[in-house]
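Engineer: Pasting in a structure now, in structure tokens, and then I'll have a few things to ask.
Residue numbers (this note's numbering): 10 to 299.
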């Protein structure tokens, strides 16, 4: 029979020491694994670096990032909003205005947003301010006030093209407010008032023209139909007599009016006119003889 001596280390035997070391190693490995697990939410993406070099894009879920050797950065890919500060801009026709805007953008390439630009949020804000000043400075005040959607689209297109290399997509740019100096507001009010007066005069003149055309057409109709003028006279008298406060004095006998109806009335009128013409000629000859 062999006999083995049991070696004691610090008050415990060798087996117990190995078991303790094993548990310590497992605990250390477990801590490393737990600390290596990184969660990426559905609306986020991660950029992993291994020994300082870009390695992969981390998708939503649990991802392993080894301590010391690997690092990562999370990026929110939801649509972001930038409130562009108010800018004082001089338009093409030398009018000073103050204008601000809102920009909507999102990241479509996470790697470019991290590798190509230091602070993409600040970069987009500064780019939008510069583009807004340049775009507003290239149009007149009237175009700025009447074509806001067109100018917004122009700013959006310019910023979107410039930010493509950063992995950023600009969806929309909206001009929030355009502030004019007090003197310019008074001038615009005077112009608007003059324009309304112009439209009122044109409308009144157009109404008078149409009324005159209708009166001329009515006169031609009554002249072409025998007895129409007589019926119109009676209708007018009937309209006036509907108000009991009015007093009508009609001195011409009805028989006289009937005498002018039809062909007979026309012949009588011709005779009266010819008689007046003959009398006028006789008066002229008498004056010449004198």
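Every residue, glycine too, gets a C-beta built ideally from N, C-alpha and C.
Which same chain residues, not among the five before or five after residue 125, have their C-beta less than 8 Å away from its C-beta?
Structural biologist: Within the same chain, 174, 175, 176 come within 8 Å of residue 125 by CB-CB distance, once the 5 residues on both sides are set aside.
Engineer: Considering only the beta carbon of each residue, do residue 103 and residue 186 sit closer than 7 Å?
Structural biologist: no
Engineer: For residue 272, is the classification buried or exposed, using 16 other Cβ atoms within 10 angstroms of its Cβ as the cut-off for buried?
Structural biologist: Annotation note: pLDDT 46 at residue 272 (below 50); position unreliable, no value reported.
Engineer: Which ranges does the alpha helix (DSSP H) cover as unbroken runs of at least 4 residues, wholly within the stretch 179–236, from first to last along the chain?
Structural biologist: 191–233
Engineer: Does DSSP classify residue 121 as helix, strand or coil?
Structural biologist: helix
Engineer: So, does the stretch 144–160 touch the stretch 65–81, judging by three or more C-beta pairs under 8 Å?
Structural biologist: no
Engineer: Distance, Cα to Cα, residue 225 vs residue 237?
Structural biologist: If you take the alpha carbons of residue 225 and residue 237, they lie about 15 Å apart.
Engineer: How many angstroms separate the CA atom of residue 51 from the CA atom of residue 178?
Structural biologist: Residue 51 and residue 178 have their C-alpha atoms roughly 19 Å apart.
Engineer: Alpha carbons only, please: which of 118, 172, 57 is nearest the one belonging to residue 135?
Structural biologist: Comparing alpha carbon positions, the residue from 118, 172, 57 closest to residue 135 is 172.
Engineer: What did DSSP end up calling residue 272 once you bin it into helix, strand or coil?
Structural biologist: Annotation note: pLDDT 46 at residue 272 (below 50); position unreliable, coordinate value reported separately. Here residue 272 sits in helix by DSSP.
Engineer: Could you give the distance in angstroms between the alpha-carbon of residue 17 and the alpha-carbon of residue 39?
Structural biologist: Caution applies to residue 17, whose pLDDT of 48 falls short of 50 and renders its modelled position unreliable; the value that the coordinates give is listed next. So the two alpha carbons sit approximately 29 Å from each other.
Engineer: Counting C-beta neighbours from all protein chains within 10 Å, is the total for residue 54 16 or more, i.e. buried, or is it exposed?
Structural biologist: Per the 10 Å Cβ criterion, buried.
Engineer: Starting from residue 157, trace the beta strand (DSSP E) in both directions and tell me its first and last residue.
Structural biologist: Taken as a continuous stretch (DSSP letters only), residue 157 belongs to no beta strand (DSSP E), being part of the alpha helix (DSSP H) at 157–172.
Engineer: Classify residue 87 as helix, strand or coil using the three-state DSSP reduction.
Structural biologist: coil
Engineer: Just reading off the alpha helix (DSSP H) that residue 50 is part of, what are its end residues?
Structural biologist: Run containing residue 50: none; DSSP gives neither H nor E here.
Engineer: Assign residue 41 to buried or exposed, taking buried as 16 or more other Cβ atoms, counted over all protein chains shown, within 10 Å of its Cβ.
Structural biologist: Counting C-beta atoms within 10 angstroms of its own C-beta, residue 41 has fewer than 16 neighbours from the protein chains shown and is therefore classed as exposed.
Engineer: Using a Cβ-Cβ cutoff of less than 7 Å, which residues in the same chain neighbour residue 49 once the five nearest sequence positions on both sides are dropped?
Structural biologist: 55, 67, 68, 69, 70, 72, 83
Engineer: Using C-beta distances below 6 Å, list every residue in its chain close to residue 202, excluding the 5 sequence neighbours before and after it, in chain order.
Structural biologist: none
Engineer: Strictly by DSSP, which residues pair up with residue 80?
Structural biologist: 58
Engineer: What does DSSP give as the partner residues of residue 96 in its beta bridges?
Structural biologist: Partner(s): 108.
Engineer: Determine which residues share a DSSP beta bridge with residue 72 and list them.
Structural biologist: 47
Engineer: Leaving out five residues before and five after residue 28 in sequence, what residues of the same chain have Cβ atoms less than 6 Å from its Cβ?
Structural biologist: none
Engineer: On the CB-based measure, 16 or more other CB atoms within 10 Å of its CB, does residue 23 come out buried or exposed?
Structural biologist: Around the beta carbon of residue 23, a 10 Å sphere encloses fewer than 16 other beta carbons of the protein chains shown; the residue is thus reported as exposed.
Engineer: Which same chain residues end up closer than 7 Å to residue 14 when comparing Cβ atoms and leaving out the 5 residues on each side of it in sequence?
Structural biologist: In this predicted model, residue 14 has a pLDDT of only 49, less than 50, meaning its place in the structure is not dependable; the value taken from the coordinates is given anyway. Nothing meets the Cβ criterion.
Engineer: For residue 115, write down the residues that DSSP places opposite it in a beta bridge.
Structural biologist: 178
Engineer: Between which two residues does the alpha helix (DSSP H) harbouring residue 148 extend?
Structural biologist: Segment: none, residue 148 is in no alpha helix (DSSP H) and carries neither H nor E.
Engineer: Roughly how many angstroms lie between the CA atoms of residue 122 and residue 129, to the nearest whole one?
Structural biologist: 6 Å
Engineer: Within its chain, find whatever has a CB closer than 7 Å to the CB of residue 165; leave out the 5 residues flanking it on each side and keep chain order.
Structural biologist: 179, 181, 182
Engineer: Under a three-way DSSP split, which group does residue 66 fall into?
Structural biologist: Residue 66: strand per DSSP, three-state reduction.
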